[in-house]
Amino acid sequence: MPMATAAGHRCYELWDPMPDEVREGARRFATVQALNELVGVLPFAEWLDRAPSHTRRQMLMAKIQDEVGHGHVAARVAEDLGMPRERILLDYLEGRAKVHNIFHYSFGTWEELGPGLLLMNSAAIVQFQSLMKGVYLPYARALRKIEREESFHYQHALDLTHEVLTHGDAEQRRRVQEGFELWMPRVLAYLGPPDTDTLHANRMWQIGLKPDGNDALRQAWLNKIIPVFRKLGVHVDPALVRQAASGEWEFAMPDWAEVKKVIAGGGPASQRRLDWVRHALDRNTRYRRALREVS
Amino acid sequence: MPHVPNDPDVYEVFTQNGVGKTLSHVGSIVSPRPDGAWHLAKETYGRRDDLATLWVVRRADMIVSTGDDRDLLAAKTRMPHRQPGFPTARRRDRSDSSPAADSPLVAGSPALADSPAVDSSAEPRDGALSELRDDASRAADPELRDLWLALADDLFVLGNRLGERIVDYIDLEESLAVGSIGQETLAHAGTILSLCGFDEAAADAWFFDRPQARWRVSRAIERLTDWPSTVACGLVIAAAVVALAERTAETGPGRTGQAAEAGSGGAWLPAIIAIRDEQRVHLDHWRRWARALTAWPETSEEFARAYAEVTERAGDLFGAGPQGVTAGVLPSAPVPAATLHERLAALVGDSGGPASRLPGRPLTRTAGMGGSALAYCLSRGRMVRDDYAPGVFR
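Going line by line, the protein sequences match chains A and V. Numbering follows my numbering, with no gaps: position 169 of the first sequence is 169. Count along the second sequence starting at 1, add 1000, and that's the number in my numbering.
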């Protein structure tokens, strides 16, 4: 039988009887995460063959493998809840599923990669730390495994940024600064529209799958990451993000209509991501069949 | 290798004492029937605590590691670059060793020819040597170190290619597999250079700054393109590394002049054994693929063609001449190329795939091969690096 947790919700294992909306909600969360891991890895996988040293290449390859591994773990959770894994990428290709706004862009330069990854990884860490308090335990466990690996990604992104800032020339350092300013609004938007006033009406919050609201996560994230960038020597323009006397972070509100347009496929790399996945699936169909049918 | 225990009536018991707690192995029981096993497990291990979960698993259905698997399971030793502490420690070491952080040239990598590991005077001889010998079996036996260094070239290119395949999504399990095989392959290339006396900067210069004309990849690398030829290349290269590692391990510490020197035997033997064990796993992986692609009607013809093209070019895997590198802890011993080649042929022939076209005897490796596959790998690798002062990247 399901048991109660400290937060007052019942928690569920796969075989526990549970309300349909918990089962469907958990399946949706895990499916969305699996898709975003599998597509979200592509912007930096594009840089693997340009990684400029043997060790950097090893670390970047480890990160890419981890992200696909996270997609695999999330897909397993979704699969147990009735989502066939083949459908995850198929729904994306056929327009039934979308990826987060940040994955509709590419990194323009190597210098942009460090601050971009640092912003994304830290936001994902804050988000996963929240989601792992959710009531569906197999998903919470998957997130705990994922979270451990995200801490390597975070340290790696920090190292990447630090390397360019410490050893690069003035122009290269300037591009790190620009990268920070370019990605900051995108990642602010990634954490979702303001919901302080509406959170308690959100069914996912009510049933315990979404333990924290977007605004709370955004504040927690800024608390954590802004000091890190300042310490690296990156200038944080108050027009972009500033801390009020109350300690509360204020920021330039993303243009949500624009964010919505990007997510719907209007981002600079939206088509590129779709094309990659479509071609990868097409060119490998017969090998996938060979593996399944023969072994 | 992990084994599957075979005691049909034995069941292992796992309990969880509360929601969110860890499921723990608590012991085993014997029962002739599965439903009886569950009740017996409950009566044996659930008499005191309220259990949130009870799992009873037939021992014969489990895949269990053995003591022999310990090295392959030692993630922290095998893949240190995956640990969160790795980039942090690197950064700390670097700031300790280079106080003049604003002038990266101080910490710059030595130009290739100045590296202590590389004897540049050996370079001009290459062309002349390859003209003199059209097959390696007529020449004197090659040096162990030269064979390893040449294989490091192949491993580097293969490792990178496999890394790119992670997001090819043949299926998710294959993505994970090529991710690990790619990382290990790249690590082996680095380990070989380190055993040959290269430090990190010299290794990067070797892999990233050396012009294609001075690479000594096998001609098989030319065909490193689509998935069937990647499988074929992965298979022949893994087989070559296994054959050379087995041979090197047999050389053993103390059997040659250099290895007998204090400590040097200890430095290279475990590294070579680790490479051998990991490459054996890679070889098994590629053999499984070779069998599947051969047996499946839709891919058999395509794979047979790729396999033929790769194996007929792979005759040079043990055909490396002097590479001009004289430092390092690897024993300096000549090894018979023909024997290694025979072992390679046996490993490749045993794949269960199509017929191999591996030549009957080892052919000479020549510099500057690798075609557009290597050219692309090298030019991509220089794109970021060329914009920076020497020594910035580690």
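Where a beta carbon is used, it is the ideal one built from N, C-alpha and C, also for glycine. Fair warning: this is a prediction, and the values are worked out from it, not measured in the lab.
Can you tell me where the alpha helix (DSSP H) holding residue i begins and where it ends?
i       : result
A:L160  : 137 to 167
V:L1244 : 1227 to 1251
V:T1053 : Careful: V:T1053 lies outside any alpha helix (DSSP H), inside the beta strand (DSSP E) at 1053 to 1058.
V:E1302 : 1297 to 1313
V:Q1083 : No alpha helix (DSSP H) contains V:Q1083, which DSSP labels as neither H nor E.
A:N304  : In the structure as shown, chain A starts at 1 and stops at 295, and residue 304 of chain A therefore has no counterpart that could be examined.
V:G1381 : 1371 to 1382
V:R1048 : Premise fails: V:R1048 is in no alpha helix (DSSP H) and is neither H nor E.
V:G1182 : 1172 to 1195
A:S96   : The question names Ser, but residue 96 of chain A in the sequence shown is Arg. That residue, A:R96, is in no alpha helix (DSSP H); it is neither H nor E in DSSP.
A:R173  : 170 to 190
V:G1360 : Per DSSP, V:G1360 belongs to no alpha helix (DSSP H) and is neither H nor E.
Relative to the C-alpha of residue i, which residue among the options is closest?
i       : options                            : result
A:S53   : V:T1299, V:E1342, V:S1351, V:A1189 : V:A1189
A:L81   : A:K63, A:P138, A:T285, A:A239      : A:P138
V:T1225 : V:E1174, V:L1162, V:A1290          : V:L1162
V:R1210 : V:F1156, V:T1230, V:Q1183          : V:F1156
V:A1274 : V:K1042, V:A1187, V:L1235, V:E1043 : V:A1187
A:Q65   : V:G1179, V:A1389, V:S1028          : V:G1179
A:N214  : A:V187, A:H279, A:G95, A:M18       : A:V187
A:E250  : A:G265, A:P194, A:A269             : A:P194
V:G1018 : A:Y12, A:V22, A:P17                : A:Y12
V:A1150 : V:A1041, V:I1192, V:G1182          : V:I1192
V:A1009 : V:K1021, V:M1079, V:P1032, V:G1328 : Reading the sequence as shown, one finds Asp at residue 1009 of chain V and not Ala. V:D1009 has its Cα closest to that of V:P1032, out of V:K1021, V:M1079, V:P1032, V:G1328.
V:W1206 : V:G1381, V:L1023, V:T1364          : V:G1381
V:V1057 : V:G1036, V:A1267, V:G1391          : V:G1036
V:E1312 : V:R1223, V:E1301, V:L1269, V:D1277 : V:R1223
A:D275  : A:K261, A:L232, A:G95              : A:G95
A:D282  : A:L89, A:A170, A:R57               : A:L89
V:A1333 : V:D1387, V:D1146, V:W1227          : V:D1146
V:Q1323 : V:S1379, V:A1152, V:R1090          : V:A1152
A:L38   : A:I125, A:E67, A:A170              : A:E67
V:G1321 : V:A1337, V:P1080, V:V1329          : V:A1337
V:L1023 : V:F1086, V:L1051, V:L1293, V:A1201 : V:L1051
A:Y105  : A:R230, A:V41, A:Q129              : A:V41
V:G1020 : A:K133, A:A244, A:F29              : A:K133
V:T1364 : V:W1296, V:D1141, V:A1267          : V:D1141
V:D1387 : A:A51, A:Q127, A:V32               : A:A51
A:T198  : A:P185, A:A189, A:Y190, A:D212     : A:D212
Chain V partners of residue i, CB-CB under 7 angstroms?
i      : result
A:P17  : Under the 7 angstroms cutoff, chain V gives no residues; its nearest Cβ is about 15 angstroms from A:P17.
A:L90  : Near A:L90 there are no residues of chain V at all, since even the closest Cβ is about 12 angstroms away, more than 7 angstroms.
A:H156 : P1087
A:W110 : V1384
Residue i touches chain V at which residues, Cβ-Cβ below 8 angstroms?
i      : result
A:I64  : G1163, I1166, V1167, G1179
A:D275 : By Cβ distance, chain V contributes nothing, its closest Cβ being about 13 angstroms from A:D275, past 8 angstroms.
A:G71  : L1172
A:L137 : V1019, G1020
Terminal residues of the continuous beta strand (DSSP E) containing residue i?
i       : result
A:R242  : 241 to 243
V:Q1016 : 1010 to 1016
Please compile the residues from chain A whose C-beta is within a distance smaller than 8 angstroms of the C-beta of residue i.
i       : result
V:Q1083 : F152
V:E1405 : This structure leaves residue 1405 of chain V out entirely; chain V is present only between 1001 and 1394.
At 9 angstroms on the CB atoms, spell out the chain V contacts of residue i, in chain order.
i     : result
A:V32 : Those within 9 angstroms of A:V32 in chain V number zero; the least Cβ separation is about 16 angstroms.
A:R50 : R1380, G1381, R1382, M1383, V1384, R1385
A:A45 : G1163, E1164, I1166, V1167
Let me check one thing: in DSSP terms, what residues is residue i bridge-paired to?
i       : result
V:G1025 : Note that residue 1025 of chain V is His in the sequence shown here, rather than Gly. In DSSP, V:H1025 forms a bridge with V:F1014.
V:P1334 : V:E1143
A:F251  : A:V241
V:V1030 : V:V1010
V:V1217 : DSSP output for V:V1217 lists no bridge partner at all.
Compare the C-beta of residue i against all C-beta atoms of chain C and say whether one is closer than 8 angstroms.
i       : result
V:T1088 : Structure shown: chain C not included; protein chains present are A and V.
Please list the partners that residue i has in chain A, where partner means a Cβ-to-Cβ separation under 9 angstroms.
i       : result
V:E1200 : S53, H54, T55
V:N1017 : Per Cβ cutoff of 9 angstroms: no residues; V:N1017 is ~11 angstroms from chain A at best.
V:C1377 : D49
Whose Cβ in chain A lies nearer than 7 angstroms to the Cβ of residue i?
i       : result
V:W1227 : N284, Y287
V:S1175 : V68
With a cut-off of 8 angstroms, do at least 3 Cβ pairs link the segment 1282 to 1297 of chain V to the segment 1347 to 1364 of chain V? yes
Assess, as a yes-or-no matter, whether the segment 138 to 156 of chain A is touched by the segment 213 to 221 of chain A under the definition of 3 or more beta carbon pairs within less than 8 angstroms. no
Touch test, the segment 1365 to 1379 of chain V against the segment 1198 to 1218 of chain V, Cβ-Cβ under 8 angstroms, three pairs minimum: Yes, the segment 1365 to 1379 of chain V touches the segment 1198 to 1218 of chain V.
Taking contact to mean 3 or more Cβ pairs, one atom from each stretch, closer than 8 angstroms, check whether the segment 1299 to 1311 of chain V and the segment 1354 to 1374 of chain V are in contact. yes
The segment 1158 to 1177 of chain V contacting the segment 268 to 287 of chain A, beta-carbon criterion three pairs below 8 angstroms: yes
Taking 8 angstroms as the cut-off, does the segment 109 to 118 of chain A touch the segment 13 to 32 of chain A (at least 3 CB pairs, one atom from each stretch)? No: the two stretches stay apart, fewer than three of their Cβ pairs being nearer than 8 angstroms.
Examine the Cβ distances between the segment 114 to 127 of chain A and the segment 165 to 180 of chain A and report whether three or more of them are shorter than 8 angstroms. yes
How do the segment 42 to 58 of chain A and the segment 126 to 141 of chain A stand: do at least 3 beta-carbon pairs fall below 8 angstroms, yes or no? no
Using 8 angstroms as the Cβ pair cut-off and three pairs as the minimum, do the segment 226 to 241 of chain A and the segment 249 to 265 of chain A touch? yes
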